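All remarks here apply to the structure that follows.
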Amino acid sequence: RVNSHAAGASFVFAYCGVRDISRKLVLTETNGQITKIRFSKGFAFANVEAAAEFEEQRTRFFSEHERYDDYMEMREGLDLTSIAGFKENIIALADPDKMPWYASRVVFWVCSFCLLSWPLRLILEYNTAYVHYQVT
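Right, here's the structure in full:
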């Protein structure tokens, strides 16, 4: 397989407007001092004009690039280009200045040396809350 052409484009939404409809994230009911947050991205069009503008830009992009190859492979995805350093997974601590004892590197290495890292992992898993947050 030889890739003869690659191209990309971003949706220009300046004419459509932007509104954040993501829910507020409140971490009050966590089951420990550590919270793992997984972000996922989604989008919804606020009106019919925005959806039509997206389809027009998408169609224009594909029609401009279909002449480069007979067997064209296309992939579409959502990328938050205006947000630099977007991370899909982060860890939040209740008190960043004071790590829990079971999350310490020293405790991990001592337990690993004694072949007891599996109970430590169970303790860590039990005391970690998991949150999935969709950015829309």
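If you're matching positions, the sequence shown starts at 28 in my numbering and goes up one per residue. Even glycine gets a Cβ: it sits at the ideal position worked out from N, Cα and C. Here the structure is a predicted model, which is why all the values come from computation and not from measurement.
Item, Value
"For residue 155, the residue or residues it bridges with in DSSP", "61"
"Residue 138 vs residue 149 beta-carbon contact at 9 Å", "no"
"Presumed contact (8 Å Cβ cut-off) between residue 48 and residue 78, rounded CB distance", "Not really, about 15 Å apart at Cβ, beyond 8 Å."
"Sub-9 Å separation of residue 86 and residue 157 beta-carbons", "no"
"Buried versus exposed call for residue 95 [16 or more other C-beta atoms within 10 Å across all chains shown]", "exposed"
"Counted within 10 angstroms of its Cβ, other Cβ atoms place residue 129 as buried (16 or more) or exposed", "buried"
"Helix, strand or coil at residue 111 according to DSSP, with G and I counted as helix", "coil"
"Identity of the residue in 37, 64, 59 nearest residue 122 by Cα", "59"
"Sub-9 Å separation of residue 88 and residue 34 beta-carbons", "yes"
"When 159, 154, 31, 163 are compared against residue 92, the one with the closest alpha-carbon", "31"
"Same chain, Cβ closer than 6 Å to residue 65, five either side skipped, listed in chain order", "116, 159"
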